[in-house]
Each structure stands twice: as structure tokens, then as C-alpha cells.
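Visitor: Numbering (the numbering used here), first residue to last: 273 to 832. Have a look at this one.
What follows is the structure, encoded as C-alpha cells:
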């Protein structure tokens, strides 16, 4: 690491900017942002004919790992207007399965392309791309996109996006070739229209695992919805909708009333699309399917992962980077959150904070010069920014072993090796701790003689570097990380570490002073890294995350 003690001017490192607070959203969306959504549309069977049916063992076998809409309804009869509602937000006054009732309106494909994303519809038994008309067992009425003039009349667009189902296996070979929005229709037999429920269930058993095992599903944030277009007109038009994938609560059964417009609205939120009509605008998204239960909204619109510190049993201080790239602070007094406060600067990392005494807070960030910068509060006022030098290749993480003691950990330019900056009460000193990190570090001091620093290694697993009072020692803790780890300690020698797993949920592992426990899920579905702090003299760990819409969410856990 190259050390620089006097970086020229705050203007280059942490210049003050306009004080624009992070705006609190009027309503927090809790459907996660996704990379891919898949929908398979089946035919003409009601809820009671499928859920719990011995003829649909595979469909029912999916329920323990996914979510079921137990109060979901088609919007009309017959098939075609339901398909149009799913992709266009309207039936357009169509009341039959007509073959030449073309639609001159925008649809979700237009929205997807406007957002710079990709789409395809995969139609089983369709003779060729952009085929117009029927060719049994392919039926045009189950292919809504061919009805839209801006798709059908644009030959190049239509032929590259409205394709036979056989193309799906090729596209699933990589996440890059898998569209962000995929609409799948089996043929007239496999969709249970002309053949039995058992036939359709067998088709799902063969085809669904190919999607779930694809790189788009295993390496990115994706969901699959399986829905019936309508019932057989013998009931109330209640149909099943099963959802699987990123952030979907396992074994969840929703009693909320939903319909095809709700599913469209959910996809629009997940892909960051505008609504198409008053129908999907008014529809409720299916947010209850996603695991933000147990997490409460703190608010703000942030551009970093949150950091937090605590100097008392009823005090938590939250730090984030705002939309202006400045540092923002919000205090919690045990009952309510205070107002957002700008601390200025221009940050190029997540903030980290630590408290070593009542009313004392030290905050560290990386500046625009890639140096480490520091600001502190004594409870009455904040100090100015001061540079600690260095050239950082990560954000910092801070810990304190006691009064007036600070340790800050970063990675340097030496192949992302771990470095420690220590404050002994009068001066800073830097020490190389080696290793190769592929994440920011996460540090915590669990006693005056112990520090634990956690990083993601080159194997994507969790690694721990422990100071026992005399020496450092690296240990592998396994797991597969998709984020920087965060650590907290509620009692001497005890440590909790939190991270985001491959399911984009928060996972935890605890050390009780003698041994590590197993991994446990804390829920949530996020795209960032957690912040964690244990309030002094308590066993309450406060967890913070950035939600799918950019707001801060909070949860809590009992410390090990």
C-alpha cells in the first residue's frame, strides 16, 4: 500500500456538495428488482382442479419451495382476452378467440425494450418464427404478442422475438442469451386445454427444471410464474398461480385477491418498467410473496450499502451515501428516528462507523482520491474531514477495542491484500495483514484483546482473520458469498457475521467464544450488503439493508 498523509485539499477528496436529503418514498415497493422473469401460461382449469390434485403431483411438489396465490382470478372468458390482459394490461374490448382482431396498443414488450432490456415469447409447436394463424397443436389465440400491430407488422422484430419453443433450450445456455422477460406457451395438449391435467403436469415436470437449473436462474435474480389463463367456465374463474425464485418465500400461501393485472404489475416493478393502462396501474403488485417480512422501512433513497454504530442501549446511528454522493446520518433514540443530516463529502465507498465511548462516533469513507477519510462527533459537533492517506481498493471497515482506540481495515493496491490502520490515541500506523480479498472487509472487536476481520476470498467463501492479542491467524469459514460480510459482537469473545447469499437473502453465522454455529437465514431479498451493530449492554443486533427501491430497511436479531 502506498501511504499518503496529506492529500491535497478536500476539494479533490471530499468536497462539500449541496444538501439534498435522501427522499423518503411515499410507499415502499417490496417486490425485488430482478434480472429475469419467466411466465408459463397453462389452460382452462380452475384452482380446485389442480391444487391438491393427485393428477398434478409435480405442480404440487413445487409449493414447499415457492409461493401460491390462493385467491387469484382470471379477468374474463375466453382465452384470448386473458392473454392480452397479461401482456397489455387490457382486454381491448375483445370477447372471443378471434384470429384477426389486431390490437394497436403498447404492450410489455415495448416497455421492456424501452428500458434497454430483452424479451421473447416461446410458443410450443409454432411452425416458424412470427407465424400468423393456427397450425394445430399450436393455436394463435394463446400467443398474445402476434395480435399487436407493432410486433406482427415489424418482420425483423417479430421473427427475432416471437419464436418456437425449441429456441428456449438454446437461449437458456447462458444468462446473457436468456431474455429479461420470457413468455412461454405450451401447445394445445401440454397446456391442459385438450389433454389431461396429468399430461400438462408431466410437461411441467420435464420443462420447469431446465429453467430452474439455467445460469439465469442460478447466477442471477430470476423468478418463474406458472399460471392458468382461465377456468373451464364451471366455477368462479379462480385459477392457480405458483411463483418460484429469488426472494419468493418458501411454502407461502397468499390469501390476497389478485388477477392477471396484478401479475403484470409485479413484472413491471421487478423489471423497472412503466405501467401500460389504468388496469395494471390500479392493480396491487404481489409484494407479499417476497421475503421482506421481518424487515421494516427506515426510508431514504441511498446509493450505498448502510453502515451503523451504537454508543448506548437505546442509540443507533445510521450512515449512508445519498443521491448526491455525500455522507448522510440518521439517529435512532430507541423510540423514533431523527431527521436525516448531511455530513457532506463525496464518497466512493460505503461508509463505516464505530463508537468507543458515549456520544462518540467515528466515520470512515473512501474519497474521490481513493484515500481513507475520517470524520468524528463528540455528541455536540462534528469535526471536519481529515485524510488518513493510503490508496484503497475497497471501502473501509472500522472497529474499536476500547476508549480512544480505533482499527480500520481496507484492501490495498498489492493484489487486494488486507491492511490495518491503528490509532493508539495519538497517531495512526499502517500494517499489512496479507491475504487476497474479493470484497470489502467487515471488522468487529469483541474484546480489548480480540479483533475479527471477515472478507470474501478468491474461492467466494468467507474468510476470517483473527487478532488474539499477539498475532493474526486466517481461517476459512466456508459458504458462498455474494456480498461483503458485516460483523457485530454483543459480548466478549462472541461474534455474529452477516452476509448476502446466492439467494440474495441475508445469512448469519455465530461464534459463541469456542465454536462456530451453522448458517441460518435472516430472510429478505436484497441486491446489496448488510450493515450490523450490537447495541452496548444488550443482545440486540440491528441489521440494515438497501431495499429493492433504494430505501433503507431494518431488522433485528438476538446476538450469539
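Think of the CB as a built atom: it goes at the ideal place given N, C-alpha and C, for glycine as much as any other residue. Keep in mind it's a predicted model, so treat the numbers as computed, not measured.
Using three-state DSSP, classify residue 750 as helix, strand or coil.
Guide: In the structure shown, residue 750 sits in a strand (DSSP, three-state: E or B).
Visitor: Kindly indicate the opening and closing residues of the alpha helix (DSSP H) around residue 475.
Guide: 469 to 484 is the extent of the alpha helix (DSSP H) around residue 475.
Visitor: DSSP puts residue 680 in a beta bridge; with which residues?
Guide: Per DSSP, 670 and 693.
Visitor: Can you tell which of 631, 328 and 621 has the C-alpha that lies nearest to the C-alpha of residue 469?
Guide: Residue 469 has its Cα closest to that of 328, out of 631, 328 and 621.
Visitor: At a Cβ threshold of 9 Å, is residue 524 touching chain B?
Guide: The chain labelled as chain B is not found in the depicted structure, where only one protein chain is given.
Visitor: Can you look up residue 814 in the DSSP assignment and give me helix, strand or coil?
Guide: Of the three classes helix, strand and coil, the one that applies to residue 814 here is strand, per DSSP.
Visitor: For the beta strand (DSSP E) that contains residue 570, what are its first and last residues?
Guide: From DSSP, the beta strand (DSSP E) with residue 570 extends over 568 to 571.
Visitor: Identify the continuous beta strand (DSSP E) that holds residue 404 and give its terminal residues.
Guide: Where residue 404 is concerned, there is no enclosing beta strand (DSSP E), given that its DSSP letter is neither H nor E.
Visitor: With 16 as the cutoff for other CB atoms within 10 Å, does residue 567 come out buried or exposed?
Guide: So residue 567 counts as buried.
Visitor: Tell me which same chain residues have a C-beta within less than 7 Å of the C-beta of residue 298, skipping the five on either side of it?
Guide: Below a pLDDT of 50, predicted positions are generally treated as unreliable, and residue 298, at 27, falls in that range; the measurement from the model is reported next regardless. Taken in chain order, the list of residues that qualify is empty.
Visitor: Quick check on the burial criterion: 16 or more other C-beta atoms within 10 angstroms. Buried or exposed for residue 406?
Guide: Per the 10 Å Cβ criterion, exposed.
Visitor: Just to check my reading of the structure: residue 768 and residue 723 have Cβ atoms closer than 8 Å, yes? What is that Cβ distance to the nearest angstrom?
Guide: Not really, about 15 Å apart at Cβ, beyond 8 Å.
Visitor: What does the alpha-carbon distance come out to for the pair residue 403 and residue 397?
Guide: Whole-angstrom Cα-Cα distance: 11 Å.
Visitor: Here's a check: name, in chain order, each residue in its chain whose Cβ is nearer than 8 Å to the Cβ of residue 489, leaving out the five neighbours to either side.
Guide: 308, 483, 496 and 517.
Visitor: Could you check where the beta strand (DSSP E) with residue 701 kicks off and where it finishes?
Guide: Start and end: 700 to 706.
Visitor: Taking the continuous beta strand (DSSP E) assigned at residue 546, which residues delimit it?
Guide: Residue 546 -> no beta strand (DSSP E), and no H or E assigned at all.
Visitor: According to DSSP, simplified to helix, strand and coil, what is residue 806?
Guide: Three-state result, residue 806: strand.
Visitor: Is DSSP giving residue 330 helix, strand or coil here?
Guide: Reduced to three states, the DSSP call for residue 330 is helix.
Visitor: Cβ of residue 739 within 9 Å of Cβ of residue 727?
Guide: Not a contact, by the Cβ cut-off of 9 Å.
Visitor: For residue 350, which residues in the same chain have their Cβ closer than 6 Å to its Cβ, ignoring the five residues on either side in sequence?
Guide: For residue 350, where only same-chain residues beyond five positions count, the Cβ hits under 6 Å are 369.
Visitor: So who's on the other strand from residue 234, going by DSSP bridges?
Guide: What the structure shows of the chain is the stretch from 273 to 832, and residue 234 is not part of that stretch, so it cannot be assessed.
Visitor: Residue 280 by DSSP, collapsed to three states: which one?
Guide: Low confidence applies here, because residue 280 scores a pLDDT of 27, under 50, leaving its location unreliable and the question unanswered by this model.
Visitor: Could you check whether residue 573 and residue 594 sit closer than 9 Å to each other, using their CB atoms as the reference points?
Guide: For residue 594 and residue 573, yes; Cβs fall inside 9 Å.
Visitor: Is it buried or exposed for residue 668, if we count other Cβ within 10 angstroms and need 16 for buried?
Guide: Flag for residue 668 reads buried.
Visitor: To which residues does DSSP link residue 392 through a beta bridge?
Guide: Per DSSP, 454.
Visitor: How far does the alpha helix (DSSP H) with residue 490 in it reach, from first residue to last?
Guide: Looking at the DSSP string, the run of the alpha helix (DSSP H) that includes residue 490 is 487 to 491.
Visitor: Is residue 410 helix, strand or coil by DSSP?
Guide: Residue 410: strand per DSSP, three-state reduction.
Visitor: Are there three or more Cβ pairs, one per stretch, closer than 8 Å when the region 608 to 626 is compared with the region 656 to 667?
Guide: Cβ pair count under 8 Å is three or more, so yes.
Visitor: State the Cα-Cα distance for the pair residue 678 and residue 558, rounded to the nearest angstrom.
Guide: Those two C-alpha atoms are separated by around 46 Å.
Visitor: Taking residue 649 as the reference, give the member of 537, 471, 413 and 658 with the closest Cα.
Guide: Ranking 537, 471, 413 and 658 by Cα distance to residue 649 puts 658 first.
Visitor: Can you name, in chain order, every residue of its own chain whose Cβ lies under 7 Å from the Cβ of residue 439, other than the five neighbours on each side?
Guide: Here the set comprises 394.
Visitor: Residue 601 by DSSP, collapsed to three states: which one?
Guide: Here residue 601 sits in strand by DSSP.
Visitor: Using three-state DSSP, classify residue 712 as helix, strand or coil.
Guide: If DSSP states are grouped into helix, strand and coil, residue 712 belongs with coil.
Visitor: With 16 other CB atoms within 10 Å as the buried threshold, where does residue 408 fall?
Guide: Answer is exposed; the Cβ neighbour count stays below 16.
Visitor: Quick check on residue 558: does DSSP put it in helix, strand or coil?
Guide: Coil.
Visitor: Mark residue 752 as exposed unless 16 or more other C-beta atoms lie within 10 angstroms of its C-beta, in which case mark it buried.
Guide: Looking at its Cβ environment, which holds fewer than 16 other Cβ atoms inside 10 Å, residue 752 is exposed.
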